[in-house]
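Here the sequence shown is numbered in our numbering, starting from 1 and rising by one per residue.
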Amino acid sequence: MKGDFKEALSLWRRSDPEARLEEVRSFMAEACFRMAQVQRLQGRYQAAMSYLTEASSLWPSRASYPYHLGLEFHRSGNLKRAEAEYQRVLALEPNHDRALFHLALARMERTMAKDSDRAGGAGALAEFVDWLDGPQGRLLKPQEREFYAHDGHGPLPFPGALQG
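Right, dumping it as structure tokens:
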């Protein structure tokens, strides 16, 4: 059964719930995570999100699962859900650089969408700037803060995390 995560999950799901020790739950979570990666590579994004959701519920103290779930929501355009997942990561690991970066990116994208939609755009930029100046925004790397705080004049500074 080496590498057959789908079969392993099937067997674990049929086991006695009382017998699911923490170690077994962590193995199940990792199998779900790997199945999510396979599903994503095959273009089955909803299935990938389902596996990532299951991985997160099986091992709620592991930050990588909600982080990857946030990325999937972000890719699908569901910015509010992406932000919620990035916030879950930050509740577990307040200095998680990638979650901070993607949370800022999702907030900026949502701000831009609000600003382009004249009906809901009032104050969206101010809300983003307040977040950037707040406790989480201050945890961003200096070059990332500069990127998000760019005023639109001159060349856009590119965060070091994305270069190369």
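Here a beta-carbon is modelled for each residue, glycine too, at the ideal position from N, C-alpha and C.
According to the Cβ coordinates, are residue i and residue j closer than 8 Å?
{"i": "Phe-33", "j": "Leu-52", "result": "yes"}
{"i": "Leu-90", "j": "Ala-104", "result": "no"}
{"i": "His-74", "j": "Ala-106", "result": "yes"}
In whole angstroms, give me the CA-to-CA distance for residue i and residue j.
{"i": "Leu-92", "j": "Glu-72", "result": "19 Å"}
{"i": "Arg-110", "j": "Pro-142", "result": "22 Å"}
{"i": "Gln-46", "j": "Leu-139", "result": "32 Å"}
{"i": "Gly-43", "j": "Gly-70", "result": "17 Å"}
{"i": "Leu-58", "j": "Arg-25", "result": "6 Å"}
{"i": "Val-129", "j": "Glu-23", "result": "43 Å"}
{"i": "Ser-76", "j": "Ser-50", "result": "14 Å"}
{"i": "Arg-81", "j": "His-102", "result": "12 Å"}
{"i": "Glu-188", "j": "Leu-9", "result": "Only positions 1 to 164 of the chain appear in the structure, and residue 188 is not among them; the question remains open."}
{"i": "Met-35", "j": "Pro-135", "result": "35 Å"}
{"i": "Ser-64", "j": "Gln-87", "result": "12 Å"}
{"i": "Glu-7", "j": "Asp-133", "result": "48 Å"}
Grab the span of the alpha helix (DSSP H) containing residue i for me, first residue to last.
{"i": "Lys-6", "result": "5-14"}
{"i": "His-68", "result": "64-76"}
{"i": "Ser-26", "result": "22-41"}
{"i": "Glu-83", "result": "79-92"}
{"i": "Ser-56", "result": "45-58"}
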